[in-house]
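Reading through the structure tokens given below for one structure.
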Amino acid sequence: MPRYLFPTPKGSEITPREVYLNRRHFIAGATIAGALLALDGSAKAATSPTEPLKFSQGSVKAPSDKTTARELATTYNNYYEFGTAKTEPARNASTLKVRPWTVEIGGEVAKPRTIGIEDLLAMDLEERVYRMRCVEAWSMVIPWVGMSFSKLAALVEPTSKAKYVKFTSVARPEEMPGVRTRILDWPYTEGLRIDEAMHPLTFLTLGMYGETLPNQNGAPVRIVTPWKYGFKNAKSIVRIDFVEQQPRTAWMTAGANEYGFYANVNPEVDHPRWSQKHERLLPAFFASRETEKFNGYGAEVASLYAGMDLAVNF
Ligand code: MTE
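Under this note's numbering, the first residue of the sequence shown is numbered 2, with each subsequent residue one higher.
Put into structure tokens, the structure is as follows:
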């Protein structure tokens, strides 16, 4: 099989074109240095404290690939609120205060409520090993701990007007250096169609590798949709709104022609600036793996998109 060098444009990562053109010298150096440090395992270890969690083994079948080393999954991150280079979240995110923490749930629901993180952690949690695929064409295999998002939704009883779910991440300039810049339109927002959100694979995630989430991975609570590009997985969520209209997301605001609302992993639809046909399963340096449609979860989720043109709804 041919081996493809990672096709992403140098240093731009998933930054919008206008932004990266201005910043490319800085980012190129930082990203390459960061990637090399992370890949040889010598990056600074995760700094934010984590605690062991109680959970059962989930029924979702784990991918055949080996689980990514925790050291790598917690030091090679995208979390722009803490910087655009891969090693910056692990270095900078310990300033984020994750207790006390509440998630406000509202919009088109019969029972809006604010739920504290302790109440979420006290619910029945399970571990699920998911294959994760970033839009930048790298992937990892991560054991998450959490629950189906539908369990949380059941608590607030969405009405028939709830057609989409909008997730809002925390944005605190004093704790998050990236929020003091204009690299994205803060707060980070993401969204799912209601049937995607209620799909049993959509995971309200509170931990990884058996412990609470490190800050750089989105503590204390994030969303994980394994058949979509990683940018759908909003970190450090403070608000969840059930809404009637498709929400505009932070990445759509940054570049709607590059980061679509659906963002389903799809080797047949390239990103305008690079191919999605292959990926590198970290820590591999070469993009030698073929990308699987829906990231390998097609048997479970393809029916959600029956009749839709996924090249238009990318
Ligand atoms: N959530 C917020 N709030 N800010 C971000 O910059 N980056 C996204 C997503 N969630 C991001 C975010 C992207 S591009 C990816 S690939 C994943 O988080 C990375 O998750 P990980 O660092 O835990 O692997």
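Note that beta-carbon positions come from the ideal geometry of N, C-alpha and C, so glycine has one too.
Please read these numbers as outputs of a predicted model, since none were measured by experiment.
CB of residue 266 within 8 Å of CB of residue 294, strictly: It is a contact, given that the beta carbons lie within the stated cut-off.
Is residue 80 a contact residue of the ligand MTE, with contact defined as CB to any heavy atom under 7 Å? Under cutoff, so the answer is yes.
Shortest alpha-carbon distance to residue 191 belongs to which of 234, 200, 256? Nearest neighbour of residue 191 by Cα position, chosen from 234, 200, 256, turns out to be 234.
Candidates 153, 172, 59, 161: which alpha carbon is nearest residue 83's? If we check each option's Cα against that of residue 83, 172 comes out closest.
Would the stretch 240 to 251 and the stretch 267 to 278 be scored as touching if the rule is three or more Cβ pairs under 8 Å? The answer is no - the stretch 267 to 278 does not touch the stretch 240 to 251, with fewer than three Cβ pairs under 8 Å.
Buried or exposed by the 16-neighbour rule on C-beta atoms within 10 Å, applied to residue 114: Around the C-beta of residue 114, fewer than 16 other C-beta atoms lie within 10 Å, and the residue is accordingly described as exposed.
Would a C-beta distance cut-off of 8 Å place residue 148 and residue 122 closer than the cut-off? Cβ distance not < 8 Å, so residue 148 and residue 122 don't count as in contact.
Backbone CA spacing between residue 154 and residue 223 [nearest angstrom]: Roughly 14 Å between the two C-alpha positions.
Suppose you measure from the CA of residue 247 to the CA of residue 287; what does that come to, to the nearest Å? In a straight line, the C-alpha of residue 247 is about 37 Å away from that of residue 287.
Among residues of its own chain, excluding the 5 on either side of residue 195, which ones have a beta-carbon nearer than 8 Å to its beta-carbon? Within the same chain, 159, 163, 164, 165, 166, 243 come within 8 Å of residue 195 by CB-CB distance, once the 5 residues on both sides are set aside.
Would DSSP call residue 244 helix, strand or coil? In the structure shown, residue 244 sits in a strand (DSSP, three-state: E or B).
Let's test the definition: count the other Cβ atoms within 10 Å of the Cβ of residue 314 and tell me whether it reaches 16, buried, or not, exposed. When all chains shown are included, residue 314 counts as exposed.
Classify residue 102 as helix, strand or coil using the three-state DSSP reduction. Here residue 102 carries a coil assignment [DSSP, helix/strand/coil].
Taking contact to mean 3 or more Cβ pairs, one atom from each stretch, closer than 8 Å, check whether the stretch 61 to 70 and the stretch 176 to 193 are in contact. Using a Cβ-Cβ distance cut-off of 8 Å, the stretch 61 to 70 and the stretch 176 to 193 are not in contact, since fewer than three pairs of beta carbons, one from each stretch, lie closer than that value.
In chain order, which beta strand (DSSP E) runs of at least 3 residues are fully inside the stretch 181 to 224? Segments of the beta strand (DSSP E) lying fully in the stretch 181 to 224: 190 to 194, 204 to 209.
Got a sec: does the ligand MTE put a non-hydrogen atom nearer than 7 Å to the Cβ of residue 263? Because no heavy atom of the ligand MTE lies under 7 Å away, the Cβ of residue 263 does not count as near it: no.
Can you pull the DSSP bridge partners for residue 277? BP columns for residue 277 are empty, so no partner.
Separation of residue 302 from residue 183, as counted between CA atoms: The straight-line gap from Cα to Cα measures roughly 35 Å.
Would you kindly report the start and end of the unbroken alpha helix (DSSP H) that includes residue 83? Residue 83 -> no alpha helix (DSSP H), and no H or E assigned at all.
Beta carbon of residue 96 nearer than 8 Å to that of residue 116: Not a contact, by the Cβ cut-off of 8 Å.
Close Cβ partners of residue 107 (< 7 Å) along its chain, the five nearest in sequence each way excluded: 113, 242.
Reduced DSSP category for residue 114 - H, G, I as helix; E, B as strand; rest coil: Residue state, collapsed to three classes: strand.
Could you please give me the residues that DSSP links to residue 142 through a beta bridge? Per DSSP, 132.
Within the continuous beta strand (DSSP E) that includes residue 170, where are the two ends? Taken as a continuous stretch (DSSP letters only), the beta strand (DSSP E) holding residue 170 covers 165 to 170.
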